[in-house]
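Presented below is the structure to which this report refers.
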Amino acid sequence: MISPIPRRATPAGSASTPASPALSSSAATSKARPAGASFRDFLQQSSAGGAARPLPQGATTAPTAPGSTPDPPWAGLVRDVAARRREIDAMMQRALRGEDLGARELLLWQSQVYTYSQQVELVSRIADRTVQGVKLLLNTQL
Numbered sequence: 000m001i002s003p004i005p006r007r008a009t010p011a012g013s014a015s016t017p018a019s020p021a022l023s024s025s026a027a028t029s030k031a032r033p034a035g036a037s038f039r040d041f042l043q044q045s046s047a048g049g050a051a052r053p054l055p056q057g058a059t060t061a062p063t064a065p066g067s068t069p070d071p072p073w074a075g076l077v078r079d080v081a082a083r084r085r086e087i088d089a090m091m092q093r094a095l096r097g098e099d100l101g102a103r104e105l106l107l108w109q110s111q112v113y114t115y116s117q118q119v120e121l122v123s124r125i126a127d128r129t130v131q132g133v134k135l136l137l138n139t140q141l
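Structure representation (C-alpha cells):
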C-alpha cells in the first residue's frame, strides 16, 4: 500500500500543499521576497549580497559613474570569450614547449576548449541575429 503524502498545516480557508523536506529546508534558508517587491528588485538584492539599492522609477539599468557609458549587455560575454582564448593559448604554448601535462590538466583543457567553443557559437549566433535584424530594419519603409 502506498502511504499518503504528508500535508503541511495551513491557516483555515487556504489550500494545503504536500510537504517536502527538501523544499521546506531550502525555503527556510533562502531569502524571502517582501510582498509587493518586483522580481528585478529581488535579483538585485540577491546579487548585491542583500544590500540592494532600488533603481530610480522608470530606470532599466543601474546608474554608472559620471562621464562613463554603460557597457552593452553582450560586452561581458565577449570579454569572457577573449579571456578563455588567452587561457587556451597559454595552455597550447605549454604543450608546444614540451611540458608534461598530466591527465587532470588535459581533462581541464578539454573542458575549457568545449566551453570556449560553446561561447564562440553563442556570440556568432548573436551577431548573426543582430545583423539580420538590422537588415530587416533598414529594408522596412517607415
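Going by numbering that gives the first Met the number 0, the letters in the sequence shown line up with residues 0 to 141, in that order. We put the beta carbon where it would ideally sit given N, CA and C, even for glycine. In this text the structure is predicted, and so the values were computed from the model without any measurement.
Review point. Short check: CB of residue 80 to CB of residue 122, under 7 Å?
Key: yes
**Study point:** Cβ contact (3+ pairs, closer than 8 Å) linking the stretch 68 to 75 and the stretch 106 to 113
**Key:** no
**Study point:** For residue 73, the three-state DSSP class (helix, strand or coil)
**Key:** coil
**Study point:** First and last residue of the uninterrupted alpha helix (DSSP H) at residue 99
**Key:** It is not in any alpha helix (DSSP H) - residue 99 carries neither H nor E in the DSSP assignment.
Practice item. Could you have a look at residue 139 and say whether DSSP puts it in helix, strand or coil? Key: coil
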